[in-house]
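Peer 1: The structure under discussion is supplied below as structure tokens; questions concerning it will follow.
Numbering (the numbering used here), first residue to last: 6 to 186.
Here it is, written out as structure tokens:
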């Protein structure tokens, strides 16, 4: 059985593939229309429904939300848009101006087995810091997980996957898939 990860983001695919090993995973590089909503489950459900137009068989999609304490938990699933508008330094500056650096990241995986949807969530708390490290993931250089001295961008993929929101969600998903055997 081949499991498809429907995403246009190679970085997301690479992280998930590492954690799902030895399960065979292939990327279906499709940029799905992403509805704008503050409800991440609504976004995932829409992605699952749209992906059914392109993929036959079992597949999964994923979406990430970042909640900033300084902004009353905004932007949530709209992090990509906020990051595009104010950049990493702008997010840091907002938190600094409010003197509130608390943040949490949530990843939700939506899985379709050909009949029904299942959902798996991972969450990590941390704080916003001045950008450190190099990363292709937009906000990784400004997110330092609680209990760690490094930002996600300063960690190896293995270190990050072990504790990250995506890593946690993928581990739950893998446990589910392995339990079906």
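All C-beta atoms, glycine included, are put in the ideal place defined by N, C-alpha and C.
#1: Assuming residue 51 and residue 35 form a contact by the criterion Cβ under 8 Å, report the distance between their Cβ atoms to the nearest whole angstrom.
#2: Measure the alpha-carbon distance for residue 64 versus residue 178 and round it to whole angstroms.
#3: Which residue wins for smallest C-alpha separation from residue 169, given the options 119, 71, 182, 84?
#4: From what residue to what residue does the alpha helix (DSSP H) around residue 45 run?
#5: Check the DSSP bridge columns for residue 92 and list the partner residues they point to.
#6: Following the continuous beta strand (DSSP E) through residue 118, name the residue where it begins and the one where it ends.
#7: Does the distance from the C-beta atom of residue 55 to that of residue 114 stay below 7 Å?
#8: Going along the chain, which residues of its own chain have a beta-carbon closer than 7 Å to the beta-carbon of residue 182, five neighbours each way excluded?
#9: State the start and end residues of the unbroken beta strand (DSSP E) segment that holds residue 122.
#10: Do residue 7 and residue 24 have their CB atoms nearer than 7 Å?
Peer 2: On the basis of the coordinates in this document:
#1: With 8 Å as the limit, residue 51 and residue 35 do not qualify as a contact, their Cβ atoms being about 14 Å apart.
#2: 12 Å
#3: When the alpha-carbon of residue 169 is set against those of 119, 71, 182, 84, the nearest one is in 71.
#4: 45-56
#5: The partner list for residue 92 (beta bridge, DSSP) is empty, contrary to what the question assumes.
#6: Segment: none, residue 118 is in no beta strand (DSSP E) and carries neither H nor E.
#7: no
#8: 28
#9: 122-133
#10: no
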